[in-house]
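Residue numbers (the numbering used here), protein chains in the order written: chain A, 30 to 321; chain B, 30 to 321.
The C-beta atom is built at its ideal place from N, Cα and C for all residues, glycine as well.
Owing to the predicted nature of the structure, the values given are computational and were not obtained by experimental measurement.
The structure appears right after this line, and notes come after that.
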């Protein structure tokens, strides 16, 4: 068992934030100044009826302006209060919002925004050494987001914990009222077909441990009694200062982050005896940590 | 929500067996004769104290002879009975066996088998159109296993639901007494560093929904009271005929499976408006289904 733990420790660097390290013990360790606060208006706090909460960091408005603006409006209207998590499909998604599809959207919400699935500029400041079956290149934005590109357009890939907007058939792009997060292997086939609007940075297990639904072979909870109520959803900036979550993302520019990428692509001995020589972006997600 | 369901349906082909299709409606649909029974001695049935069970299909002996032989011996000695699932780490693994690391192995079990992490021949009968950051080529064995290769050696990749053998530092390769399964994004960095001995083909949610552990940042259950007891572990071939699970894997040779691969790499309209043009092996796992 001992070693499986080391393996886990390696994975842990990906799964959760690296511990604060000052002074740096390894070339890839972050220095205190490498951590940047996630702005309060980028954090959306969902409190569930089972006492758990999860926090979504919203994607940059430069990538998905209309959908993210919608989500802020939906949260400020307290539209999600009283709604629920109504679908949990193993190795796929947990989905929440209005299961009835009948609740009117708040004023000011764009019912069908543009398809903000990708954008022309791949503005990564650091990249992985290899592409993957879904992208010729993948890397990291300056503000800690994973990015993928095919050389013509760029997008945020569908990795574990990323939050997407459920939609109907095109030309529907989804309003943002119904959201899902990936709780299994990255469903990258959804890249460029659905808009990614955020990433769960706290409490993903509040969703990933929920019982799987049995409806339609799609993980839908067949009995509304199974729905997990959403007590409230609030932007951290709309919460009293004392109740706001505090998170930091790691700077993705500079030699220490480049060394972090290299360490992700070639895991270290003594546990790892054969380095992979590469990593896929969803197995090397940019570090985020609770503010120490 | 409607459409997210279609997206799910697409993923479902991967996540769980495709429904029986006779006559074939699409070029990628399986015909009844495309399904082959999983041999009883390849299925290991774990019954948990919470009333749930999960079934592991054991990897082919031609790939991992000693570890798989060990596992059959360990099961026949009822060594796992009374042991537990003692570690569940979000987006990584659920691990079970002897948390004390003190229980003597059954007679005939090789304490430290050869490192059966890879083998020379990539004997895939069908391949994906693209490689990935971990392999120059990936595909499918004739008996329904995912395979990866770097052109020099081949191995079973660490995909969701694959079962590996926990080990200590090299030269330890793990006896097979402590096993784990991947419950998150494929930790492909473990490829060629740990032996894969099986795949969970039933009841993965009995593991993926367990509360995450908090020990050591590694998902260990800190209080033994949290351990999930293993009531029994039996090879299906050692169970009364009436109690044996019945599963089938899909033939991976021929035009229908080739069409299935193409459909995995380029998901169909109307939900999908942009085909990916490729897929990674862990997002296109070979279909297995309960025998109709």
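Spatial distance of residue i from residue j (CA atoms)
i              : j              : result
residue 50(A)  : residue 228(A) : Confidence in residue 50(A) is poor, its pLDDT being 47 and thus under 50, which makes the residue's placement too unreliable to answer from.
residue 280(B) : residue 88(B)  : 16 Å
residue 189(B) : residue 274(B) : 21 Å
residue 304(B) : residue 145(B) : 37 Å
residue 154(B) : residue 259(A) : 48 Å
residue 128(B) : residue 113(B) : 7 Å
residue 223(B) : residue 176(B) : 15 Å
residue 135(A) : residue 96(B)  : 59 Å
residue 234(B) : residue 201(B) : 30 Å
residue 243(A) : residue 59(A)  : 44 Å
residue 211(A) : residue 232(B) : 19 Å
residue 238(A) : residue 288(B) : 35 Å
residue 278(B) : residue 106(B) : 28 Å
residue 22(A)  : residue 192(A) : This structure does not reach residue 22(A), given that chain A is present from 30 up to 321, and the question cannot be answered.
residue 236(A) : residue 164(A) : 28 Å
residue 157(B) : residue 148(B) : 20 Å
residue 314(A) : residue 151(A) : 17 Å
residue 109(A) : residue 83(A)  : 14 Å
residue 268(A) : residue 111(A) : 18 Å
residue 266(A) : residue 255(B) : 37 Å
residue 170(B) : residue 318(B) : 17 Å
residue 182(A) : residue 94(A)  : 17 Å
residue 57(A)  : residue 316(A) : 12 Å
For residue i, three-class secondary structure by DSSP
i              : result
residue 126(B) : strand
residue 213(B) : coil
residue 314(A) : coil
residue 137(B) : coil
residue 289(B) : helix
residue 69(A)  : helix
residue 63(A)  : helix
residue 18(A)  : Past the edges of chain A, shown from 30 to 321, lies residue 18(A), and the structure says nothing about it.
residue 219(B) : helix
residue 239(A) : coil
residue 7(A)   : Shown here, chain A extends from 30 to 321; a query on residue 7(A) therefore has no answer.
residue 265(B) : helix
residue 183(A) : strand
residue 50(B)  : Summary for residue 50(B): the model assigns pLDDT 47, below 50, so the residue's position carries little reliability; its value from the coordinates is reported in the next sentence. Here residue 50(B) sits in coil by DSSP.
Residue(s) in a DSSP beta bridge with residue i
i              : result
residue 231(A) : 84(A)
residue 225(A) : 193(A)
residue 114(A) : 125(A), 257(A)
residue 168(A) : 156(A), 176(A)
residue 55(A)  : According to DSSP, residue 55(A) bridges with nothing at all.
residue 319(A) : 276(A)
residue 93(B)  : Note: residue 93(B) sits in no beta bridge, so no partner.
residue 102(B) : Beta-bridge pairing links residue 102(B) to no other residue.
residue 74(A)  : 84(A), 263(A)
residue 244(A) : 249(A)
Proximity below 9 Å, CB of residue i to CB of residue j
i              : j              : result
residue 296(A) : residue 187(B) : no
residue 86(B)  : residue 250(B) : no
residue 209(B) : residue 199(B) : no
residue 241(B) : residue 184(B) : no
residue 306(B) : residue 159(B) : yes
residue 70(B)  : residue 264(B) : yes
residue 63(B)  : residue 286(B) : yes
residue 204(B) : residue 139(B) : yes
residue 121(B) : residue 216(B) : yes
residue 65(B)  : residue 173(B) : yes
residue 324(B) : residue 126(B) : Chain B is shown from 30 up to 321; residue 324(B) falls before or after that span and cannot be answered.
residue 248(B) : residue 124(B) : yes
residue 79(B)  : residue 257(B) : yes
residue 262(B) : residue 55(B)  : no
residue 162(A) : residue 294(B) : yes
residue 276(A) : residue 230(A) : yes
residue 207(A) : residue 272(A) : no
residue 290(B) : residue 308(B) : yes
Quiz prompt | Contact residues within the region 212-224 of chain A, judged by C-beta distance below 9 Å to chain B | solution = Here the close residues are 212, 213, 214, 215, 216, 217, 218, 219, 220, 221, 222, 223.
Self-check item: Residues of the region 297-313 of chain B whose Cβ lies closer than 7 Å to any Cβ of chain A, in chain order
Solution: Taken in chain order, the members of the region 297-313 of chain B whose beta-carbon sits within less than 7 Å of a beta-carbon on chain A are 299, 300, 301, 302, 303, 305, 307, 308, 309, 311, 312.
Exercise. Report the residues of the region 223-248 of chain A with a CB closer than 8 Å to any CB of chain B, ordered along the chain.
Key: For the region 223-248 of chain A, the beta-carbon criterion of a distance under 8 Å to any beta-carbon of chain B is satisfied by 223, 233, 234, 237, 238, 239, 240, 241, 245, 246, 247, 248.
Quiz item: When you check each C-beta in the region 143-166 of chain B against every C-beta of chain A, which residues fall closer than 9 Å?
Solution: Going along the region 143-166 of chain B in chain order, one finds 144, 146, 147, 157, 158, 159, 160, 161, 162, 163 with a Cβ nearer than 9 Å to chain A.
Quiz item: Using a beta-carbon distance cut-off of less than 8 Å, what residues from the region 248-268 of chain A approach chain B?
Solution: Listed in sequence order: 248, 249.
Exercise. Name, going along the chain, the residues of the region 95-117 of chain B whose beta-carbon falls closer than 7 Å to a beta-carbon of chain A.
Key: Answer set for the region 95-117 of chain B: empty.
Quiz item: What residues in the region 270-285 of chain A bring their beta carbon closer than 8 Å to a beta carbon of chain B?
Solution: Interface annotation for the region 270-285 of chain A against chain B: empty, criterion Cβ-Cβ distance under 8 Å.
Self-check item: the region 173-198 of chain B: positions lying closer than 8 Å to chain A by Cβ
Solution: Listed in chain order, the positions of the region 173-198 of chain B with a beta carbon within less than 8 Å of a beta carbon of chain A are 188, 189, 190, 195, 196, 197, 198.
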